[in-house]
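Visitor:
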Amino acid sequence: DAFLWFACDLAEKKGVPWVPFWTAASCSLSAHLYTQEIVKAEGKTLSFIPGLEKLEFSDLPPEIFLDNNPSPLALTINNMVENLPKSTAVVLNSFEEIDPVITNDLKSKFKHFLNIGPSILSSPTVISPDDKTGCLSWLENQNRANSVIYISFGTVITPPENELVALAEALETCKFPFLWSLKDQAKKSLPAGFLDRTSAFGKIVPWAPQVRVLGHDNVGLFITHCGWNSILESICSSVPMICR
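For the sequence shown, my numbering begins at 192 and goes up steadily by one.
(1) Leaving out five residues on either side along the sequence, give the residues of the same chain with a beta carbon under 8 Å from the beta carbon of A336.
(2) So the alpha helix (DSSP H) N269 belongs to, where does it begin and stop?
(3) Quick check: what's the CA-CA separation for A399 versus L305?
(4) Would you call the CB atoms of N334 and I307 closer than 8 Å?
(5) Measure the Cβ-Cβ separation of S372 and S390 and say whether it is below 8 Å.
(6) Quick one: grab the DSSP three-state call for F197.
(7) What does the alpha-carbon distance come out to for the pair G242 and T226?
(8) What residue from V396, D192, I268 has the CA that sits closest to A222's CA?
(9) In the DSSP assignment, find the unbroken beta strand (DSSP E) run with I433 in it and report its ends.
(10) Tell me which same chain residues have a C-beta within less than 6 Å of the C-beta of L246, skipping the five on either side of it?
(11) In terms of alpha-carbon separation, which member of S299, G345, D250 lies closest to I414?
(12) Take the Cβ of S217 as the centre, count every other Cβ of all protein chains shown within 10 Å, and call the residue buried at 16 or more, exposed below.
(13) Could you give the C-beta distance for L224 and V272, rounded to a whole number, given that I count them as a contact under 8 Å?
(14) Between E254 and the rest of its own chain, which residues show a CB-CB distance below 6 Å, the 5 nearest in sequence each way excluded?
(15) Using 10 angstroms around the beta-carbon of C434, count the other beta-carbons present and answer buried if the total reaches 16, otherwise exposed.
(16) Decide if E228 is buried, meaning its Cβ has at least 16 other Cβ atoms within 10 Å, or exposed.
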């Protein structure tokens with residue numbers, strides 16, 4: 192894992208290659224590699240970063256800007272960036288076609304830069320004998336291909352209440368079939384009576400086997416938090432996305 196930057200020193204002491212694996216998108220790696228240039232150019236455009244020319248400073252993660260009291264994550268990323276050029280090769284969970292401009296730029300910064308993703312394509316398919324939440328059987332009962340909206344914002348962060356309410360109201364209005372992976376504690380943010388009024392065409396579960404859901408013929412749209420794993424899984428299943 193590239194975040195374990197101290198493995199660089201250990202590899203050097205042992206006289207073995209260090210090949211860090213960057214699990215996020217190539218655009219995020221590029222942004223972190225250009226941290227010093229970005230800080231110097233604060234307030235200007237990012238026209239000096241190949242592939243990120245259209246981004247604004249507000250689009251960048253806060254870890255880019257090291258302040259007087261940087262977070263542990265910011266310090267870890269900064270140490271990683273300083274050590275990556277020492278690597279034998281950098282391996283990325285991505286594929287060249289998604290960001291060819293960024294990929295070519297990154298190739299110029301390392302001895303070897305290898306796109307080996309999406310890793311989901313080489314992962315064994317996990318077949319569960321049961322369907323504890325009933326979401327897969329519910330999908331089977333939908334009678335039209337590409338008709339279901341699948342919604343998931345990842346396992347870590349839940350959107351604020353106003354966003355959940357707005358999304359719920361939109362789902363209730365459009366009446367498209369939907370499968371929503373939503374933590375139990377977040378259900379209290381939904382409009383009163385929403386679950387009853389949408390029970391005929393919607394299903395909410397605390398967790399869903401996302402790869403199998405996205406691979407189902409009846410799923411036609413993915414509303415996502417734009418996490419890199421989710422993006423790759425959706426691309427591999429040819430499901431269009433609306434990214435939060």
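Cβ coordinates follow ideal geometry from the N, Cα and C atoms, glycine included.
Guide: Based on what the coordinates show:
(1) For this step, residue 336 is matched to residue 145 along the sequence shown. D408, N409, G411.
(2) Here residue 269 corresponds to residue number 78 of the sequence shown, with the count starting at 1. That run of the alpha helix (DSSP H) goes 263-274.
(3) Stepping through the sequence shown from its first residue, residue 399 is reached at position 208. Stepping through the sequence shown from its first residue, residue 305 is reached at position 114. Cα to Cα, A399 sits roughly 31 Å from L305.
(4) Here residue 334 refers to the residue found at position 143 when the sequence shown is read from its first residue. Here residue 307 refers to the residue found at position 116 when the sequence shown is read from its first residue. With a cutoff of 8 Å on beta-carbon distance, N334 and I307 are scored as not near each other.
(5) In the sequence shown, the residue the question calls residue 372 occupies position 181. In the sequence shown, the residue the question calls residue 390 occupies position 199. No. Outside cutoff.
(6) For this step, residue 197 is matched to residue 6 along the sequence shown. Correct three-state label for F197: coil.
(7) Here the question's residue 242 lines up with position 51 in the sequence shown. Here the question's residue 226 lines up with position 35 in the sequence shown. So the alpha carbons of these two residues sit roughly 15 Å apart.
(8) Start at 1 with the first residue of the sequence shown, and residue 222 comes out as number 31. Nearest of V396, D192, I268 to A222, Cα basis: I268.
(9) The count along the sequence shown starts at 1 and reaches residue 433 at position 242. Taken as a continuous stretch (DSSP letters only), the beta strand (DSSP E) holding I433 covers 432-434.
(10) The residue given as residue 246 occupies position 55 in the sequence shown. Taken in chain order, the residues that qualify are L237.
(11) Position 223 of the sequence shown, counting from 1, holds the residue named residue 414. It is G345 whose Cα lies nearest to the Cα of I414.
(12) Looking up residue 217 in the sequence shown gives position 26. So S217 counts as buried.
(13) Position 33 of the sequence shown holds residue 224. Position 81 of the sequence shown holds residue 272. Rounded, the Cβ-Cβ distance is 6 Å, consistent with contact.
(14) For the purposes of this step, residue 254 is taken as the residue at position 63 of the sequence shown. These residues qualify, in order along the chain: L264, A265, I268.
(15) Your numbering for residue 434 matches position 243 in the sequence shown. The residue in question, C434, is exposed, as its Cβ has fewer than 16 Cβ neighbours within 10 Å.
(16) The residue given as residue 228 occupies position 37 in the sequence shown. Looking at its Cβ environment, which holds fewer than 16 other Cβ atoms inside 10 Å, E228 is exposed.
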